[in-house]
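Down below is the structure, laid out as structure tokens.
2 protein chains.
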Amino acid sequence: MSEKRDGEAALGFDPAELPGDSHVVYIGRVSSPWKSRDTCPKNLADARATGKAASVTIDPPYRPGLAGLERFSHIVLLSWFDRSRRDLITQNPRHADAPRGTFALRSPVRPNPVGLHVVRLVSLDVETGLIEIDAIDLLDGTPVIDVKPYFASIDSVPDAAKA
Amino acid sequence: MSEKRDGEAALGFDPAELPGDSHVVYIGRVSSPWKSRDTCPKNLADARATGKAASVTIDPPYRPGLAGLERFSHIVLLSWFDRSRRDLITQNPRHADAPRGTFALRSPVRPNPVGLHVVRLVSLDVETGLIEIDAIDLLDGTPVIDVKPYFASIDSVPDAAKA
Numbered sequence: 001m002s003e004k005r006d007g008e009a010a011l012g013f014d015p016a017e018l019p020g021d022s023h024v025v026y027i028g029r030v031s032s033p034w035k036s037r038d039t040c041p042k043n044l045a046d047a048r049a050t051g052k053a054a055s056v057t058i059d060p061p062y063r064p065g066l067a068g069l070e071r072f073s074h075i076v077l078l079s080w081f082d083r084s085r086r087d088l089i090t091q092n093p094r095h096a097d098a099p100r101g102t103f104a105l106r107s108p109v110r111p112n113p114v115g116l117h118v119v120r121l122v123s124l125d126v127e128t129g130l131i132e133i134d135a136i137d138l139l140d141g142t143p144v145i146d147v148k149p150y151f152a153s154i155d156s157v158p159d160a161a162k163a
Numbered sequence: 001m002s003e004k005r006d007g008e009a010a011l012g013f014d015p016a017e018l019p020g021d022s023h024v025v026y027i028g029r030v031s032s033p034w035k036s037r038d039t040c041p042k043n044l045a046d047a048r049a050t051g052k053a054a055s056v057t058i059d060p061p062y063r064p065g066l067a068g069l070e071r072f073s074h075i076v077l078l079s080w081f082d083r084s085r086r087d088l089i090t091q092n093p094r095h096a097d098a099p100r101g102t103f104a105l106r107s108p109v110r111p112n113p114v115g116l117h118v119v120r121l122v123s124l125d126v127e128t129g130l131i132e133i134d135a136i137d138l139l140d141g142t143p144v145i146d147v148k149p150y151f152a153s154i155d156s157v158p159d160a161a162k163a
């Protein structure tokens, strides 16, 4: 749990304490060089700059689901930030000059702590469930909830802008 | 629930029936022109080709989380395919010549039925929670679990390829 900074606002309830509308099952775990928050890169660009690779191991029952994924150069990982609080609705990140809404940030702190990571597929072994990737901005051991093929035709917007 | 086709394999259990490792809360709902599976576009490219826009309405407690999102030209929606089965680990889509692993497909049928949609932000009203977007490949009423800003620097890979 991180502390609350000036200008941050919490929901009047904690999504982690609600009964929930549906549930997630962890399908695997990330292996990364990052064992603590202090050393973990804050985004994928920083993670790539370290030159350190990473991997995901998918749990046995889900491994047949990887068949055919080797055809793709890039994949989408959806992670579950299981060590992040869920009740902050505005946040004041160190890099920002003022508080912002949680949905305008990629912070791991969010009502549903799902992380989105577009990574290069280095190798895939369906039998062992091992997915080697070029880099990751996640703590070692973080759960994974989904893997998808990346399609440039719908997922890539090179001229997407921020005003 | 869709039926099982030739060459498709189910897990030996149904993730929907497991206790779950964590839970999701719905933060809003999609409004779309698509009221039935027959008419719903199968992907965002097809949805855009119809020329029909769509919107998301975020529930009141979560609306402050939208502050600052108006600065982005594109956003990522994470949806929850609440009407899809979760137990197929290989699937035989109509467009494919052979069964493929669920994680090599963007099918709504997956252990955690999270949909990933990169869309253009048309307008945003934080007070009413209304997010207007250019198109969506989701049934009307589908729950939303997260909204994120899209960053071309980490999310766009225009030369991503499929072998």
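Chains A and B, in that order, are what the protein sequence lines are.
With the first letter of the first sequence counted as 1, position 75 gets the number 75 in our numbering; the numbers rise by one all the way through.
With the first letter of the second sequence counted as 1, position 150 gets the number 150 in our numbering; the numbers rise by one all the way through.
Heads up, the beta-carbon is just placed ideally off N, CA and C, and yes, glycines get one too.
Segment limits, beta strand (DSSP E) that includes residue i
i: residue 125 (chain B); result: 114-125
i: residue 145 (chain A); result: 143-149
i: residue 22 (chain B); result: 22-24
Beta-carbon proximity list for residue i, same chain, < 6 Å, skipping 5 on both sides
i: residue 1 (chain B); result: Caution is warranted here: a pLDDT of 49 is assigned to residue 1 (chain B), below 50, making its placement in the model unreliable, and no coordinate value can be reported.
i: residue 28 (chain A); result: 56, 57, 58, 59, 144
i: residue 142 (chain A); result: 30, 79
i: residue 41 (chain B); result: 47, 137
i: residue 110 (chain A); result: 102
i: residue 146 (chain B); result: 78
i: residue 82 (chain B); result: 143
i: residue 12 (chain B); result: none
Which residues DSSP lists as bridging residue i, in chain order
i: residue 80 (chain A); result: A:114
i: residue 57 (chain A); result: A:29, A:130
i: residue 72 (chain A); result: B:162
i: residue 164 (chain B); result: The shown model of chain B, from 1 to 163, leaves out residue 164 (chain B), and the question about it has no answer.
Start and end residues, alpha helix (DSSP H) containing residue i
i: residue 48 (chain A); result: 44-49
i: residue 152 (chain B); result: 152-155
7 Å Cβ shell around residue i - same chain, five flanking residues per side excluded
i: residue 51 (chain A); result: none
i: residue 136 (chain A); result: 30, 32, 47, 54, 117, 119
Within-8 Å CB hit, residue i to chain C
i: residue 147 (chain A); result: No chain C appears in the structure shown, which is made up of the protein chains A and B.
Same chain, Cβ closer than 8 Å to residue i, five either side skipped, listed in chain order
i: residue 44 (chain A); result: 117, 118, 119, 135, 136, 137
i: residue 140 (chain B); result: 30, 31, 32, 33, 34, 35
Length at least 3, wholly inside the segment 85-109 of chain A: the beta strand (DSSP E) runs in chain order
Within the segment 85-109 of chain A, the runs of beta strand (DSSP E) that reach at least 3 residues and sit entirely inside it are, in chain order, 88-91.
Check whether the segment 123-143 of chain B touches the segment 63-76 of chain B, taking contact to mean three or more Cβ pairs, one atom from each stretch, closer than 8 Å.
Segments in contact, yes.
I'd like to know if the segment 9-24 of chain B and the segment 2-12 of chain A are in contact, where contact means that at least 3 CB-CB pairs between them fall below 8 Å.
Contact between the segment 9-24 of chain B and the segment 2-12 of chain A is absent, with fewer than three C-beta pairs closer than 8 Å.
The segment 91-105 of chain A touching the segment 148-160 of chain A, judged by at least three CB pairs closer than 8 Å:
The answer is no - the segment 148-160 of chain A does not touch the segment 91-105 of chain A, with fewer than three Cβ pairs under 8 Å.
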